[in-house]
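In our numbering, the protein residues as written are 47 to 424.
Glycine is no exception: its CB is placed at the ideal position from the N, C-alpha and C atoms.
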Ligand SMILES: Cc1cc2nc3c(=O)[nH]c(=O)nc-3n(C[C@H](O)[C@H](O)[C@H](O)COP(=O)(O)OP(=O)(O)OC[C@H]3O[C@@H](n4cnc5c(N)ncnc54)[C@H](O)[C@@H]3O)c2cc1C
């Protein structure tokens, strides 16, 4: 076993840290306050190669390993949970196109996604299909050379901003999950529109919207993978996505921890710096221990994904532990900043709001427990 980072991984961490310092940290508060999608930042991340990291050279990728991607999400999330969320979800359709796409689909969509020219989204959830994702009601009916989509997706990250959407729709209701099929839908397709844009507790700079399909015709060449394989494709996508979400949670926790240590050294009460009080040191130890546990789970899940080994249980475990750590650490961090932690002048309250979503999307903590239990007991 080797716990050292490779030179490439160290270099990526160094360069993304620099990027975050120059391009992300300075606008993190403003984009949160204005609920402004940081399109220009995503484009720059693409220009610097951070969106292409693990993908094959023939589609504009850099063929780095999964841990590089994890490091990028972790470092972005230290300063901006919303941007990390946008990037994490953007990777999901790229991964699916790569794994299930035809040569034509890969050539058409991946190069623009890895440069940030286009943004990707993944749409499974519907008003009556949340944790129970099998209950998809959106239909896709073959009519000549087209599939005709009807239905509504909700809570879709990058909705309205994305150019390329992977949509899960029912092609044969009688077959249950085996009747669900994945499709690629381009943003300007007639019959496809954006519905309600959600106003959220956290990750306010990321866009979350409804997607509405009304007799939306898409050519049958836009089916991703085989008919009836959509549920499996979605679950594979979510396994990978959960490693990204776990990295996002880990970064948020580490970012809040680092801010807190710095603050406790600077702030004096009772004639000495707060960091000298044992009560607060013990909080720091609890935060540190949870972060370290989460960190190795996240890196291990990334390693398994990279190695092509099964990682469903490990991805769910990493997401469960890292997201609960992010919530614990950011909550304590606000407390340890006292009244200042509650104020928008400091980033802590934003971090706490941003952390909450990591316990919910791409499967709630309760669903992570179901996934882990099903792997343990099978
Ligand atoms: C900001 C945001 C962004 C999102 N982005 C996307 C996206 O890009 N694409 C996408 O497809 N979806 C997205 N989602 C949807 C997200 O994945 C779902 O909200 C989530 O899976 C939970 O579904 P639900 O909201 O319907 O809650 P419900 O399924 O109604 O769950 C409500 C509560 O019941 C619990 N629960 C449900 N079933 C069980 C059970 N069997 N045992 C124990 N407890 C259970 C849940 O854990 C939760 O606590 C996003 C959601 C949000 C809030």
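- prompt: What residue from 341, 352, 390 has the CA that sits closest to residue 371's CA?
  reply: 341
message: Quick check: residue 247 and residue 228, are their CB atoms within less than 8 Å of each other?
response: no
message: My assumption, with CB atoms under 8 Å, is that residue 94 sits in contact with residue 65. Please give the rounded CB distance.
response: 6 Å
query: Who are the Cβ neighbours of residue 366 in its own chain at under 6 Å, not counting the five residues just before and after it?
result: 411, 414
message: I need the DSSP call for residue 314, collapsed to helix, strand or coil.
response: strand
Validate contact between the stretch 256-276 and the stretch 141-157 using beta carbons, cut 8 Å, 3 pairs: yes
- prompt: Which value, in whole angstroms, describes the spacing of the CA atoms of residue 232 and residue 338?
  reply: So the alpha carbons of these two residues sit roughly 41 Å apart.
message: Quick check on residue 419: buried or exposed, where buried means 16 or more other Cβ atoms within 10 Å of its Cβ?
response: exposed
query: Sorted by chain position, which residues of the same chain lie with C-beta nearer than 6 Å to residue 318's C-beta, five sequence neighbours on each side aside?
result: none
message: Could you check whether the Cβ of residue 137 sits closer than 7 Å to any heavy atom belonging to ligand 1?
response: Residue 137 Cβ: outside cutoff for every heavy atom of ligand 1.
query: Considering only C-alpha positions, which residue in the set 313, 351, 307, 346 is nearest to residue 332?
result: 307
- prompt: Should residue 159 be listed as close to ligand 1, given that the test is whether its C-beta is under 7 Å from any heavy atom?
  reply: no
message: I need the boundaries of the beta strand (DSSP E) containing residue 242, first residue and last residue.
response: 238-243
- request: Can you grab the Cα-Cα spacing for the pair residue 328 / residue 304, in whole Å?
  value: 15 Å
Continuous beta strand (DSSP E) assignments of at least 3 residues falling wholly in the stretch 141-179: As far as the stretch 141-179 is concerned, its whole beta strand (DSSP E) runs of at least 3 residues are 166-169.
field: Simplified DSSP assignment, three categories, for residue 98
entry: coil
query: If residue 167 sits next to residue 203, beta carbons under 8 Å apart, how far is it from one beta carbon to the other, in whole angstroms?
result: The beta carbons of residue 167 and residue 203 sit about 6 Å from each other, so the pair counts as a contact at 8 Å.
- request: Check the DSSP bridge columns for residue 259 and list the partner residues they point to.
  value: 197, 238
- request: Quick one: give me the first and last residue of the alpha helix (DSSP H) that residue 418 is part of.
  value: 411-423
task: Would you identify the three-state DSSP class for residue 208, choosing helix, strand or coil?
output: coil
- request: Could you check how far apart the C-beta atoms of residue 376 and residue 302 are, in whole angstroms? I think they sit under 8 Å.
  value: 5 Å
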